[in-house]
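Below is one structure; the comments refer to it alone.
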Amino acid sequence: MAKELKELTPRGENYSQWYQDLVIKADLAENSAVRGCMVIKPYGYAIWEKMQRALDDMFKETGHVNAYFPLLIPKSFMSKEADHVEGFAKECAVVTHYRLKNAADGSGVVVDPAARLEEELIIRPTSETIIWHTYRNWIQSYRDLPILINQWANVMRWEMRTRLFLRTAEFLWQEGHTAHATREEAEEETLRMQGVYARFAEEYMAMPVIKGRKSESERFAGALETYTIEAMMQDGKALQAGTSHFLGQNFGKAFDVTFIDKEGKSDYAWATSWGVSTRLIGALIMSHSDDNGLVLPPKLAPIQVVIIPIYRNAEQLAQISEKAGQIAAKLKDLGITVKYDDADNKKPGWKFAEYELKGIPVRLAMGGRDLENNTIEVMRRDKLEKETIPCEGIGEYVANLLGDIQQHIYRKAFDHRTSRLVEVDTYGEFKERIEEGLFIWAHWDGTPETEERIKNETKATIRCIPLEGDPTPGQCMLSGRASAGRVLFARAY
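Our numbering puts the first residue of the sequence shown at 1, with every later residue one more than the last.
What follows is the structure in structure tokens.
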């Protein structure tokens with residue numbers, strides 16, 4: 001087995017270290033010279049590109065278009081919506097000067113004190129303020145609505161404790177910002193985009209999610225409602241995989257974005273915002289991968305099939321390469337991404353371990369005997385199962401196998417979540433069972449005081465108030481007061 005795999009910490013020994021090892025050894029990302037920021041390496045970025053393509057298509061299917069807004073936001077803009085500034089004030093990076101100069105003692109460059117900005121600029125932690133300032137110039141009448149804009153961008157939120165992909169000071173994301181003529185349209189948009197995220201998570205990431213809305217204390221800063229999709233990682237912790245926010249008229253009022261409605265009256269525009277980030281790569285890793293490395297769902301794998309020749313001499317390699325080329329062509333015709341690895345600086349065993357580590361869904365290997373028998377060895381990464389099949393019909397076989405792998409990965413994650421999803425009625429049992437790494441449905445009285453006490457005493461938070469199912473009233477597990485229905489508690493990333 002390759003040295004990389006020997007050094008991969010087992011999940012059962014130290015899950016956090018396993019994750020860190022895997023991100024580094026699978027060549028996804030690494031820490032940068034800037035504290036809290038990461039370098040996303042080509043293989044990690046290729047996964048992000050696959051996510052981008054799928055999501056971008058889904059956004060455009062629902063009528064959205066892409067645009068781009070500035071990285072820098074005047075400080076005064078952040079003050080216009082009180083809840084918004086309070087929510088992000090502690091995470092903002094601030095630009096105060098616009099020029100450097102050489103130090104008088106020749107020691108290097110220093111900030112030129114004469115180049116102080118009249119108004120400081122905030123590196124965007126999110127873009128509601130700059131976008132709604134812009135929308136004021138775009139919107140005069142109901143005929144200008146709705147505005148359905150998405151932006152692919154980077155943002156910065158100053159983080160003290162970081163983890164690659166999951167929590168970094170700078171990260172990549174998309175942020176949707178829409179404006180509407182009515183409350184109903186805005187609320188419909190908010191739920192529509194939550195549904196888009198849920199569909200992407202389940203159909204592409206093979207990651208089951210629970211849809212719900214956040215409690216008041218967990219809402220996005222400046223939102224009237226925040227809708228979320230929550231996923232369970234293999235260690236039982238929750239990860240917020242996407243959020244969609246109903247902002248009401250808060251930003252319309254803050255930036256004086258008014259329009260003339262159909263009755264000729266002036267009103268403020270209604271707003272939504274929604275986003276997912278490179279945190280999804282962390283979710284993908286922690287949902288499916290194992291002690292041998294990454295396990296990638298075929299729909300998001302940069303390379304879906306790798307073909308590896310096993311040969312004794314140059315003549316045999318040439319024969320295998322010709323056959324492998326024919327197979328690769330068939331697969332590509334079916335829309336399957338293929339890599340043929342005939343590099344002579346690594347032995348086949350090393351390559352097998354490397355591609356297991358990188359989570360390539362299907363590995364094909366062909367040796368001299370396969371050449372004689374017109375067969376090929378097929379290994380599926382999700383189950384680490386091998387079989388030898390005829391080369392005839394290999395294209396359709398692999399296409400079906402990729403579909404089966406996608407479904408199997410989802411079902412495995414779904415069954416794992418089901419096995420760790422429980423109902424609890426008493427606070428004593430809750431405190432015991434939350435230590436087991438579970439998702440817990442429990443009654444809550446709806447007060448922030450009870451929510452805060454549970455969080456402080458158990459480190460578990462309300463992940464969401466579910467949207468689906470028939471809520472059954474009960475009694476709060478802590479206070480004994482009336483509860484409208486169970487909510488989802490878990491410890492979270």
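Built from N, CA and C at the ideal position, the CB exists for glycine as well.
Pair within 8 Å by beta-carbon distance, T162 and G36 = yes
Below 8 Å, can you find three or more Cβ-Cβ pairs linking the stretch 330 to 348 to the stretch 435 to 443?
-> With a cut-off of 8 Å, the stretch 435 to 443 and the stretch 330 to 348 do not count as touching, because too few Cβ pairs lie within range.
Cβ neighbour criterion (16 or more within 10 Å) applied to G293 = buried
For E377 and A314, the rounded distance between their alpha carbons = Taking the straight line from one Cα to the other gives about 21 Å.
Compare the Cα-Cα distances from G252 to each of S273, D341, R486 and K262 and report the closest residue.
-> The residue with the shortest Cα to Cα distance from G252 is S273.
By how many angstroms is the C-alpha of D112 removed from the C-alpha of E202?
-> Rounded to the nearest angstrom, the two C-alpha atoms are 52 Å apart.
Is H177 near I131, with beta carbons less than 8 Å apart?
-> Between H177 and I131, the CB-CB gap stays under 8 Å.
Kindly indicate which residue of A490, C464, T226 and H97 has the alpha-carbon position closest to the one of L247.
-> T226
So, is M1 buried or exposed, given that buried needs 16 or more other C-beta atoms within 10 angstroms?
-> Only weak support is given to the placement of M1: the predicted model assigns it a pLDDT of 48, under 50, and the question is left unresolved by the model.
With 16 as the cutoff for other CB atoms within 10 Å, does Y19 come out buried or exposed?
-> buried
Tell me, please, whether the stretch 285 to 301 touches the stretch 167 to 176 by the rule of three or more beta-carbon pairs shorter than 8 Å.
-> Too few Cβ pairs lie closer than 8 Å, so no.
Going by the beta-carbon positions, is the gap between W444 and S483 smaller than 8 Å?
-> Cβ atoms of W444 and S483: closer than 8 Å.
So which of P471, T472, E468 and L478 has the shortest CA-CA distance to K455?
-> L478
Can you tell me which of the three DSSP states P298 falls into?
-> helix
Within the stretch 407 to 460, ranges of the alpha helix (DSSP H) (whole runs, at least 4 residues) = 427 to 433 and 448 to 458
Using 8 Å as the threshold, is the stretch 336 to 344 in touch with the stretch 294 to 308, meaning 3 or more CB pairs across them?
-> yes
Going by the CB atoms, is the gap between L488 and I229 shorter than 8 Å?
-> no
Using the C-alpha atoms, what's the distance from A353 back to G393?
-> 27 Å
Could you please give the first and the last residue of the uninterrupted beta strand (DSSP E) stretch that includes Y340?
-> V338 to Y340 is the span of the beta strand (DSSP E), which, as asked, contains Y340.
Would you identify the three-state DSSP class for E287, choosing helix, strand or coil?
-> As written in the sequence, residue 287 is Ser, which differs from the Glu given in the question. In this structure, S287 counts as helix in the three-state DSSP scheme.
Have a look at the DSSP bridge pairing and note the partners of I147.
-> A179
Can you list, in chain order, the residues of its chain whose CB lies under 8 Å from that of P473, leaving out five sequence neighbours each side?
-> A482, S483, A484 and G485
Tell me the DSSP bridge mates of P466?
-> G212
Boundaries (first-last residue) of the beta strand (DSSP E) holding F246 = A238 to G248
Within 10 angstroms of its Cβ, does K214 collect 16 or more other Cβ (buried), or is it exposed?
-> Counting every other CB atom within 10 Å of its CB across the protein chains shown gives K214 a total of 16 or more, marking it as buried.
F165 versus T62: straight-line alpha-carbon distance, rounded | Their Cα atoms are separated by approximately 28 Å.
Alpha carbon to alpha carbon, how far is H408 from V362? Give it in angstroms, no decimals.
-> 14 Å
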